[in-house]
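J.: Before I ask anything, let me first share the structure, which is written out below as structure tokens.
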Amino acid sequence: MTVRHRLAGPRRASALGAALLSLLLLGGCASLPESSAPQALGTLNRQPTSDGPPLPLSGRDPDLLLRDFLQATADPANRHLAARQYMTPQAATHWDDTAGTVIVERPDTLRESRSGDKATYVIRARKVGELSADGAYKALPNDPREDKIEMSKVDGEWRIDDLPDGVIMDSIAFGKSYRRYVLYFIDPTGTALVPDLRWIAAPKVQLTQRLLGLLNQGPQPALAPVLRNELAAPVALRGPITKANGDPEDVGIGLGGVHIDFSGVSPLAARDRELLAAQVVLTLSGADILGPYQLLAEGKPLDDRYAAGGWSVADVEAFSPNAYAQNRVGLHALRGGGLVQVDSAGVTATPGYFGAVNNLQSAAISPDGQLVAAVAATGRPAPDPAQTLMIGSYGGNAFPVAEGATISRPSWNADGAAAWAVIDGEHIIRVVNDRATGTVSRQEVDISALIAANSGARLPITEIRVSRTGVRAAVIADGKVYVAVIERHADGGYALTAPLPIGITLSTRAISLSWLGADTIAIAREGNVDPVSTVSIDGSQPMPQTTRNLTAPVRAISASSDREYVADFRAVLQLTSNPDGGEPYWREEPGLGENAIPVLPG
């Protein structure tokens, strides 16, 4: 079918909660047999999300019918059967709903012509996101979109006779129909799981199979070169999924747990079986599918330790990225050019080099609290470098590893093996610390993909923050926020690949960011209108945070999974829950003063 697009006039953008084109598994539950042929998890179709879509309202005017149609596209079941009911038989047959999925904001239906049994309408809207076939969401600039729709009467009822291929979805309808779910895959070291966001519109009774099917398909293409997946061929589902008590009804709802039998698991070592269990348990528990999780391999326990009671979330919690996001070091800050520790006893200078100097401009502490990377002012006039990157032990000495006119706030890997920083706005370096030998080496990180994402122009990069799993990096480039994949090449070098713009709806430049959790970024930006906000790593769910007690401008932000701090015009403040249940507020950390900068591990 012919696609027609024209540019429309600008409309003010608003924040959007994302959604996705869901993928559905072959359904059907029955009592688990003694033995059965393996069931491939990747065999998918679109099952109904309800008992059946409602028919279009009788006697509907064409403009109102189009509005109803844009609501109906939020149901992907049976190849968008709900939406096809608004079309003539010929259009319903030829419409290709796999040609792409675009989420639009506040669509307007405008009549271009109407005479007798024929009418032409234009749908004008702004694009805010798109959904790929694997259910991944990508935020889009709020560019205008215009689609021409031809309509005609069939048996006295208006129906769509010609429309562009692909799915146009109204953002409000998606917010009602879709929910974000998190799949978990294994990091390169085999020690932690990494989140991969997908959006699904599915009834609860289908959700367990749907999530396992998506796990079996593997991570998104951008993450596939980096992550491992134990729930991949030859592993397959052996028989249907039931409740742990054998009840085939309503898997995952209420009590009873989940009973899953896998084939193809015998080659897996004990550690790999544990990782498989962690992927399944954390993915299902995050979707409110309750345990215990009885996981079998060819009818026998996947691990004899959990043969009686099944697996629980606590059994695999050590692999959760949330465990890596916890702050075990406590709050520190830069005050008067030196590193200080902040605790219930007050504010005290840290021992060693970093607490004794007065020329530090930014700092980062490794997650285990053993190492510090900091940017120090050299005090030398131009053209000599103005800043030096110093690395040393917490409480010990430090030595210079790089110089530049500008150096960004450093960021540590989760294991403290490397610190990352931006030199002169255009070079990202990775400083590797060998704790066994005490030697340090410097690597230049390949940022060609980031440059390509900006139409080949070099970007002034002002911030990089490495995720606590070490698989992603959040970057501020030219005031815009990107999340990229950290990929290691065969030669030992590193590259930032597949940069995804997030925070697209932000109206002012970003100046600082931090990982709030494994899949959420906290952003501080210029201006006094919503200076602090959060956004998911796929660009969905942008959310302004409270400004209670903040005094713009905000200068820096530092966060962990359970704490969030900012430095504003006058103080360092912590985001605090209101004990009365009202709106949260920012509470000043006493003793730090107006020029201090909060420092959390990472």
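Just so you know, we're using full-length UniProt numbering here: the sequence shown kicks off at 1 and counts up by one. For each residue, glycine too, the CB sits at the ideal point set by N, CA and C.
(1) Going along the chain, which residues of its own chain have a beta-carbon closer than 6 Å to the beta-carbon of Gly-291, five neighbours each way excluded?
(2) Is it true that the segment 231-239 meets the segment 508-527, where meeting means three or more beta-carbon pairs spaced less than 8 Å apart?
(3) Could you tell me how far apart the beta carbons of Phe-354 and Val-372 are, in whole angstroms, since I believe they sit closer than 8 Å?
(4) Taking Ile-428 and Ile-447 to be in contact with their CB atoms under 8 Å, please state how far apart those CB atoms are, rounded to whole angstroms.
(5) From which residue to which residue does the alpha helix (DSSP H) around Ala-83 run?
(6) In this structure, does DSSP put Pro-321 in helix, strand or coil?
(7) Which first and last residues belong to the beta strand (DSSP E) in which Val-566 is found?
(8) How long is the line joining the alpha carbons of Asn-454 and Asp-343, rounded to whole angstroms?
(9) By DSSP's criteria, Gln-443 is part of a beta bridge. Which residues make up the other side?
(10) Go ahead and label Phe-569 buried or exposed: buried means 16 or more other beta carbons lie within 10 angstroms of its beta carbon, across all protein chains shown.
(11) Taking the CB atoms as reference points, tell me whether Ile-451 and Val-422 lie closer together than 8 Å.
(12) With respect to the beta strand (DSSP E) encompassing Ile-521, which residues constitute its N-terminal and C-terminal limits?
(13) Using only the alpha-carbon positions, how far apart do Arg-472 and Gly-395 sit?
(14) Alpha carbon to alpha carbon, how far is Gln-545 from Arg-525? Give it in angstroms, no decimals.
(15) Can you tell me whether DSSP reads Tyr-353 as helix, strand or coil?
(16) Can you tell me whether DSSP reads Val-194 as helix, strand or coil?
(17) Which of the three DSSP states is assigned to Tyr-585 in this structure?
(18) Rank Asn-413, Glu-426, Ala-449 by C-alpha distance to the C-alpha of Val-432 and give the top, closest one.
(19) What are the start and end residues of the alpha helix (DSSP H) that includes Arg-409?
(20) My assumption, with CB atoms under 8 Å, is that Ile-289 sits in contact with Thr-208. Please give the rounded CB distance.
(21) Taking the alpha-carbon of His-489 as reference, which of Asp-580, Arg-548, Thr-497 has the nearest alpha-carbon?
(22) Measure the C-alpha to C-alpha separation of Glu-130 and Gln-294 and round it to an integer number of angstroms.
(23) Grab me the residues of Tyr-121's own chain with a C-beta within less than 7 Å of its C-beta, minus the 5 sequence neighbours each way, in chain order.
(24) Going by DSSP, what residue range makes up the beta strand (DSSP E) through Ile-423?
(25) Does the separation of the CB atoms of Ala-374 and Ser-362 fall below 8 Å?
(26) Name the one or two DSSP bridge partners that Gly-396 has.
(27) Just checking, does the segment 379-388 make contact with the segment 399-410 on the three C-beta pairs under 8 Å criterion?
(28) Keeping to the same chain, check which residues put their C-beta closer than 6 Å to that of Ala-40; ignore five residues upstream and five downstream.
(29) Please state whether DSSP places Asp-170 in a helix, a strand or coil.
(30) Short of 6 Å in beta carbon distance, which residues of its chain neighbour Val-483, apart from the five on each side in sequence? Order them along the chain.
(31) Closest by CA to Pro-203, which one among Ile-186, Asp-187, Arg-179, Ala-224?
(32) Pull up the CB-CB distance for Ser-177 and Ala-201, whole angstroms please, since I reckon it's below 8 Å.
(33) State the Cα-Cα distance for the pair Thr-439 and Ser-393, rounded to the nearest angstrom.
(34) I'd like the list of long-range same chain contacts for Ala-417, defined as Cβ closer than 7 Å, with 5 residues on each side in sequence excluded.
(35) Let me confirm a value: Val-485 is counted as buried when at least 16 other C-beta atoms fall within 10 Å, else exposed. Which label applies?
(36) For Val-599, count neighbouring C-beta atoms within 10 Å of its own C-beta (all shown protein chains included) and say buried if the count is 16 or more, exposed if not.
T.: To lay it out plainly:
(1) Within the sequence shown, numbered from 1, the residue matching residue 291 stands at position 291. Sequence-distant partners of Gly-291 (beyond 5 residues in either direction) whose C-beta falls short of 6 Å from its own C-beta, in its chain, are Gly-257, Ser-312.
(2) no
(3) As a working note, residue 354 is residue 354 in the sequence shown. As a working note, residue 372 is residue 372 in the sequence shown. Their Cβ separation, rounded to whole angstroms, is 5 Å, which keeps Phe-354 and Val-372 in contact under 8 Å.
(4) In the sequence shown, the residue the question calls residue 428 occupies position 428. In the sequence shown, the residue the question calls residue 447 occupies position 447. Confirmed, Cβ separation roughly 6 Å.
(5) If you number the sequence shown from 1, residue 83 lands on position 83. Judged by DSSP secondary structure, Ala-83 falls within the alpha helix (DSSP H) whose first and last residues are 77-84.
(6) Counting from one through the sequence shown, the residue named residue 321 turns up at place 321. Residue state, collapsed to three classes: helix.
(7) Here the question's residue 566 lines up with position 566 in the sequence shown. That run of the beta strand (DSSP E) goes 564-567.
(8) As a working note, residue 454 is residue 454 in the sequence shown. As a working note, residue 343 is residue 343 in the sequence shown. Cα-Cα distance, rounded: 43 Å.
(9) The sequence position of residue 443 within the sequence shown is 443, counting from 1. Bridge partners of Gln-443: Arg-430.
(10) In the sequence shown, counting from the first residue as 1, residue 569 sits at position 569. Classification of Phe-569: exposed, given that the 10 Å Cβ count is below 16.
(11) To locate residue 451, count along the sequence shown from 1; it is residue 451. To locate residue 422, count along the sequence shown from 1; it is residue 422. Contact: no.
(12) Working through the sequence shown from its first residue, we reach residue 521 at position 521. Taken as a continuous stretch (DSSP letters only), the beta strand (DSSP E) holding Ile-521 covers 520-525.
(13) Position 472 of the sequence shown, counted from the first residue, corresponds to residue 472. Position 395 of the sequence shown, counted from the first residue, corresponds to residue 395. Whole-angstrom Cα-Cα distance: 29 Å.
(14) Stepping through the sequence shown from its first residue, residue 525 is reached at position 525. Stepping through the sequence shown from its first residue, residue 545 is reached at position 545. Cα to Cα, the separation comes out at about 12 Å.
(15) Walking along the sequence shown from the start, residue 353 turns up at place 353. Looking at Tyr-353 - three-state DSSP - the assignment turns out to be helix.
(16) Walking along the sequence shown from the start, residue 194 turns up at place 194. It is a strand residue.
(17) Position 585 of the sequence shown holds residue 585. DSSP places Tyr-585 in strand when its eight states are reduced to three.
(18) Taking the sequence shown and counting its residues from 1, one reaches residue 432 at position 432. Of the candidates Asn-413, Glu-426, Ala-449, the one whose C-alpha sits nearest the C-alpha of Val-432 is Asn-413.
(19) On the sequence shown, residue 409 is found 409 positions in, with the first residue counted as 1. Taken as a continuous stretch (DSSP letters only), Arg-409 belongs to no alpha helix (DSSP H), as it is neither H nor E.
(20) Within the sequence shown, residue 289 is the residue found at index 289, counting from 1. Within the sequence shown, residue 208 is the residue found at index 208, counting from 1. Indeed they touch by this definition, with Cβ atoms about 6 Å apart.
(21) One-based indexing of the sequence shown puts residue 489 at position 489. Closest by alpha carbon: Thr-497.
(22) By 1-based counting over the sequence shown, the position of residue 130 is 130. By 1-based counting over the sequence shown, the position of residue 294 is 294. The alpha-carbon atoms of Glu-130 and Gln-294 are separated by roughly 37 Å.
(23) Taking the sequence shown and counting its residues from 1, one reaches residue 121 at position 121. Spatial neighbours of Tyr-121 in its own chain (CB-CB distance under 7 Å, excluding positions within 5 residues in sequence) are listed in chain order as Pro-62, Asp-63, Leu-66, Thr-109, Leu-110, Arg-111, Glu-112, Ile-149, Met-151.
(24) The count along the sequence shown starts at 1 and reaches residue 423 at position 423. Unbroken beta strand (DSSP E) run through Ile-423: 418-423.
(25) Residue numbering aside, residue 374 sits at position 374 when the sequence shown is read from its first letter. Residue numbering aside, residue 362 sits at position 362 when the sequence shown is read from its first letter. It is a contact, given that the beta carbons lie within the stated cut-off.
(26) Within the sequence shown, residue 396 is the residue found at index 396, counting from 1. In the DSSP output, where bridge partners are listed per residue, Gly-396 has none listed.
(27) yes
(28) If you number the sequence shown from 1, residue 40 lands on position 40. Residue placement at Ala-40 is flagged as unreliable, the pLDDT there being 40, under the threshold of 50; the coordinate-derived value follows with that caveat. Only Ala-236 meet the Cβ criterion.
(29) The count along the sequence shown starts at 1 and reaches residue 170 at position 170. Note: Asp-170 maps to strand in three-state DSSP.
(30) Counting from one through the sequence shown, the residue named residue 483 turns up at place 483. Contacts found: Arg-472, Ala-474, Leu-500, Ile-502, Ile-537.
(31) Position 203 of the sequence shown holds residue 203. The option with the nearest alpha carbon to Pro-203 is Arg-179.
(32) Working through the sequence shown from its first residue, we reach residue 177 at position 177. Working through the sequence shown from its first residue, we reach residue 201 at position 201. So it is a contact: roughly 4 Å between Cβ atoms.
(33) Counted from its first residue, the sequence shown places residue 439 at position 439. Counted from its first residue, the sequence shown places residue 393 at position 393. Cα to Cα, Thr-439 sits roughly 13 Å from Ser-393.
(34) Against the sequence shown, residue 417 aligns to sequence position 417. The answer, listed in chain order, is Val-432, Asn-433.
(35) Walking along the sequence shown from the start, residue 485 turns up at place 485. Buried, by the Cβ-count rule.
(36) Position 599 of the sequence shown, counting from 1, holds the residue named residue 599. That one is buried.
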